[in-house]
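The next block holds one structure in the form of structure tokens; read it before the comments.
Number of protein chains: 2
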Amino acid sequence: MGRAGYRLTEPRRVVAELVARRTGHFTANDLLEDAQARDIEIGRATVFRALDLFAELDVLERIDLPTGDHAYVPCLPEHHHHHIVCDTCGRVTEVEDLGLGVAIDQIERRTGWEVQTHRLELFGRCPTCQSSRDD
Amino acid sequence: MGRAGYRLTEPRRVVAELVARRTGHFTANDLLEDAQARDIEIGRATVFRALDLFAELDVLERIDLPTGDHAYVPCLPEHHHHHIVCDTCGRVTEVEDLGLGVAIDQIERRTGWEVQTHRLELFGRCPTCQSSRDD
DNA sequence: GTAATAGTGAGACTGAGTATCATGTGGAGA
DNA sequence: TCTCCACATGATACTCAGTCTCACTATTAC
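Next up, the structure:
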């Protein structure tokens, strides 16, 4: 660190490719298993480091599943948004800020707190999973 | 389990007391350290089990800190609410649902997803910490 | 009191994530 | 194209949260 640029190394390219092949959310361990299944040799620490880096670059975002597990989802950088995670298939969609900002302003006025960051995660069922096992 | 009641045991009473002495959020490990500092003997597994139980009874709620750590906060059961956590002192306040329900309805209509649960956590500075180191 | 059984705690285990450090390599500059 | 070195890698050891097991204990119903 310290310098501006990050090196484009082979292991990072591999992690990026593993991420790109994923559809829903995934953990570091999922990627490790993917790599193993495809006979790709890559160090555990390297995968963790690459995921950290990608999260820092806003290419990935870290989310907390209801189970308490830490997972990553790919996302578009440069705008504030949240995720809906499908409990059934794990697919993830981005949704826009949905007026939370206004609500937070209200809270600040009412309570005297200063809200600096927030984390919102939504969980439910995607359209596909709804129609495939409609009850 | 299976039956209705839970036993009121000494270790559970101890954990409840340790929780009551806490002001902000805390981890299982914080309680273990508290116990140690006060020369109270209690098993690690027991603390985890008691916290699980209290969370199940809605006396505590599990939250995820921005660091990724899992913590607990005491809260009033029987109504839906969220928490603001002070980054400086760790104090926690409950806030009401703040119209998130309406926003979620909108998302469902727009995206076709069915939102079942959500988790929202707010982080910032409490009034006390704002005034004590105002910049 | 007694019995049934939920709860406890010591300790082993698991799995995520981090730290260390010798070795490897990307890429800037010559 | 070559050299150099800071950054990156990966093997390994480590830490730490949380779970599991199992023999033992204590609560509660009767």
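Line order of the protein sequences matches chains A and B. The first sequence lines up with residues 647 to 781 when you count with my numbering. The second sequence lines up with residues 647 to 781 when you count with my numbering. Just so you know, even glycine gets a beta-carbon here, dropped at the ideal spot from N, CA and C. Quantities reported herein were computed from a predicted structural model and do not represent experimental measurements.
Contacts that residue i makes with chain B (C-beta to C-beta distance below 8 angstroms)
{"i": "A:L706", "result": "Under the 8 angstroms cutoff, chain B gives no residues; its nearest Cβ is about 14 angstroms from A:L706."}
{"i": "A:D733", "result": "Q762"}
Assigned exposure category for residue i - 16 Cβ within 10 Å defines buried
{"i": "B:V748", "result": "exposed"}
{"i": "A:Y799", "result": "The question about residue 799 of chain A has no answer, for chain A in this structure spans 647 to 781."}
{"i": "B:D715", "result": "exposed"}
{"i": "B:L722", "result": "exposed"}
{"i": "B:M647", "result": "With a pLDDT of only 36 at B:M647, under 50, the local geometry of the prediction cannot be trusted, and the value read off the model is given with reservation. Under this definition B:M647 is an exposed residue."}
Proximity to residue i [Cα-Cα], best of the options
{"i": "B:L699", "options": "B:I709, B:A666, B:R658 and B:R756", "result": "B:R658"}
{"i": "A:A768", "options": "B:R765, B:D743 and B:L746", "result": "Strictly speaking, residue 768 of chain A in this sequence is Leu, with Ala absent from that position. Comparing Cα positions, the closest option is B:R765."}
{"i": "B:P756", "options": "A:T739, A:A666 and A:A681", "result": "Checking the sequence shown, residue 756 of chain B turns out to be Arg, not Pro. It is A:T739."}
{"i": "A:V705", "options": "A:P720, A:A696 and A:T734", "result": "A:P720"}
{"i": "B:H606", "options": "B:V741, B:T734, B:L703 and B:E687", "result": "With chain B covering 647 to 781 only, the question about residue 606 of chain B has no answer from this structure."}
{"i": "A:V660", "options": "A:T669, A:E687, A:I709 and A:T673", "result": "A:E687"}
{"i": "A:A701", "options": "A:D685, A:I730, A:I750 and A:A662", "result": "A:A662"}
{"i": "B:G670", "options": "B:G745, B:R695 and B:I709", "result": "B:I709"}
{"i": "B:T763", "options": "A:I730, A:E707, A:I750 and A:N675", "result": "A:I730"}
Residues near residue i by beta carbon distance below 6 angstroms, same chain, minus five either side
{"i": "B:T692", "result": "P657"}
{"i": "A:C772", "result": "C732 and R737"}
{"i": "A:T655", "result": "none"}
{"i": "A:S777", "result": "none"}
{"i": "A:L703", "result": "none"}
{"i": "A:E707", "result": "V719 and C721"}
Closer than 7 angstroms at the beta carbon, the chain B residues around residue i
{"i": "A:C772", "result": "W759"}
{"i": "A:E767", "result": "H764 and R765"}
{"i": "A:G745", "result": "A749"}
Own chain, CB closer than 8 angstroms to residue i, minus 5 neighbours either side, in chain order
{"i": "A:I753", "result": "W759 and V761"}
{"i": "B:D743", "result": "H726, H727 and H728"}
{"i": "A:A696", "result": "P657, R658, V661 and A662"}
{"i": "A:D685", "result": "none"}
{"i": "A:I750", "result": "V761 and H764"}
Contact list for residue i against chain A, beta-carbon separation under 8 angstroms
{"i": "B:D685", "result": "Under the 8 angstroms cutoff, chain A gives no residues; its nearest Cβ is about 31 angstroms from B:D685."}
{"i": "B:T716", "result": "Reading off the sequence, residue 716 of chain B comes out as His, not Thr. Correct list: G714."}
Other residues of its chain near residue i: CB distance less than 7 angstroms, five sequence neighbours each side excluded
{"i": "B:Y652", "result": "L699"}
{"i": "A:P712", "result": "F769"}
{"i": "A:R649", "result": "Model confidence at A:R649 stands at a pLDDT of 41, short of 50, so the residue's coordinates are unreliable; what they give is reported in the following sentence. Cβ within range, chain order: n/a, list empty."}
{"i": "B:T734", "result": "R771 and C775"}
{"i": "B:F672", "result": "A717 and Y718"}
{"i": "A:G745", "result": "none"}
Within chain B, partners of residue i - CB distance below 9 angstroms
{"i": "A:T739", "result": "T757 and W759"}
Cβ-Cβ separation, residue j to residue i (assumed contact under 8 angstroms), whole Å
{"i": "B:L678", "j": "B:R667", "result": "Incorrect: roughly 14 angstroms between the Cβ atoms, too far for contact."}
{"i": "A:L664", "j": "A:A683", "result": "About 10 angstroms; that fails the 8 angstroms criterion."}
Check: residue i C-beta below 8 angstroms from any heavy atom of the ligand COA
{"i": "B:L699", "result": "The ligand COA is absent from the structure shown, which contains no ligand whatsoever."}
Interface partners of residue i on chain A, CB under 7 angstroms
{"i": "B:Q776", "result": "E760"}
{"i": "B:I730", "result": "W759 and V761"}
Proximal residues of chain A, C-beta to C-beta of residue i below 9 angstroms
{"i": "B:Y712", "result": "This sequence places Pro at residue 712 of chain B; Tyr is not what is there. Here the neighbours are T763 and R765."}
{"i": "B:Q752", "result": "L744 and G745"}
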